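> So for the sequence shown, my numbering puts the first residue at 14; every next one is plus one. One structure, as structure tokens, below. Some questions next.
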Amino acid sequence: MVHSAYDSFELLTDCPSKIESIESYGSKILLGCFDGSLRIYAPSHPPPLSQPEELRKEPYALERCVSGFAKKPLISMQVVESRELLLSLSESIALHRLPNFEAVAVITKAKGAHVFCWDEERGFLCFARQKRVCIFRHDEPFFMVSELYYIQQQSIPFHKFLNFYNGPSLDPTSQFYVHSSENPAIVSDSPVLNGENYHQWTRSMKMSLSQRRS
């Protein structure tokens, strides 16, 4: 007997641009597109005020399109509901105030960044660019805590995974972690990749990605 681990439901079908990133904000879906636009989708039938705002299993319709939200593709986005902020990564990292998407700040030192992560507990923002990992703290406005670590081993393909953690239990799909303490520090949970272990790491990474996407 075959069991399904989850249900699949098509929420929308009419996005005219290639989708680069996706986030949820209450019952809404935010799509970051290749052309730099931000498309906001909402349920076709708004939920009653008495119901919590969460993703709904019903068709979604375009509520708003913000053309020119970014000059380049929106690689990644993250909603920080506790601070009513949307963090977006394009040619740099930008902050917009929710729910109206008003521009708050652009972190110019993050130009060229290709991955970022956010620590909700302490308000740290970490990003990687040009083999450098930098940490900012949200304190109206952002200011740099430190530039902590230069990656010397170019063979370490850490660029897709960057996470905060608070203890010894680490995500096996990440190669680098930012320890969320009063003094943030970068630690590595894997040996330097070389000819002997690179192929094994590649196979395990592909399996992990397949499990995440399935």
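Every residue, glycine too, gets a C-beta built ideally from N, C-alpha and C. It should be emphasised that the depicted structure is a prediction, and the values quoted were computed from it without experimental measurement.
According to DSSP, A116 sits in a beta bridge with which residue or residues?
Counted from its first residue, the sequence shown places residue 116 at position 103. H109.
> Drop a sphere of 10 angstroms on the beta-carbon of K70, count the other beta-carbons inside from all chains shown, and report buried for 16 or more, exposed for fewer.
Your numbering for residue 70 matches position 57 in the sequence shown. So K70 counts as exposed.
> Of the choices H58, P59, S57, L24, whose alpha-carbon is the least far from that of L44?
Translated into positions along the sequence shown, residue 44 becomes position 31. Closest by alpha carbon: L24.
> Can you name, in chain order, every residue of its own chain whose Cβ lies under 7 Å from the Cβ of R110, other than the five neighbours on each side?
To locate residue 110, count along the sequence shown from 1; it is residue 97. Taken in chain order, the residues that qualify are E97, L98, V117.
> Looking at C-alpha atoms only, which residue of E67, I106, P72 is the closest neighbour of F149?
In the sequence shown, residue 149 corresponds to position 136, counting from 1. Cα-wise, what sits closest to F149 is I106.
> Between which two residues does the beta strand (DSSP E) carrying P72 extend?
Translated into the one-based positions of the sequence shown, residue 72 becomes position 59. Counting along the chain, P72 falls outside any beta strand (DSSP E), and DSSP gives it neither H nor E.
> Per the DSSP calculation, A55 is bridged to which residue(s)?
As a position in the sequence shown, residue 55 is number 42, starting the count at 1. Per DSSP, A74.
> Would you grab the beta carbon distance between E36 and M90 for me? Rounded to a whole angstrom, and I think it's under 8 Å.
As a position in the sequence shown, residue 36 is number 23, starting the count at 1. As a position in the sequence shown, residue 90 is number 77, starting the count at 1. Going by Cβ atoms, the distance from E36 to M90 rounds to 4 Å, so yes, they are a contact pair.
> Taking the C-alpha atoms as reference points, what is the distance between H58 and E67?
Here the question's residue 58 lines up with position 45 in the sequence shown. Here the question's residue 67 lines up with position 54 in the sequence shown. Answer to the nearest angstrom: the Cα atoms are 13 Å apart.
> By the DSSP assignment, the beta strand (DSSP E) with I88 in it spans what residues?
Residue 88 sits at position 75 when you count from the first residue of the sequence shown. Looking at the DSSP string, I88 is not in any beta strand (DSSP E), and its letter there is neither H nor E.
> Based on DSSP bridge pairs, tell me the residues matched to E67.
Here residue 67 is taken as the residue at index 54 of the sequence shown, counted from 1. DSSP output for E67 lists no bridge partner at all.
> Under a three-way DSSP split, which group does D27 fall into?
Translated into positions along the sequence shown, residue 27 becomes position 14. In the structure shown, D27 sits in coil (DSSP, three-state: anything other than H, G, I, E or B).
> Whole angstroms is fine: what's the gap from F137's alpha carbon to D152's?
On the sequence shown, residue 137 is found 124 positions in, with the first residue counted as 1. On the sequence shown, residue 152 is found 139 positions in, with the first residue counted as 1. So the alpha carbons of these two residues sit roughly 9 Å apart.
> Relative to the ligand MG, is the shortest distance from any of its heavy atoms to the C-beta of Q143 smaller than 7 Å?
Because no ligand of any kind appears in the structure shown, any question about the ligand MG cannot be addressed here.
> Quick one: using the 10 Å Cβ neighbour count with 16 as the cut-off for buried, is R77 buried or exposed?
Within the sequence shown, the letter at position 64 stands for residue 77. Its Cβ having fewer than 16 others within 10 Å, R77 is exposed.
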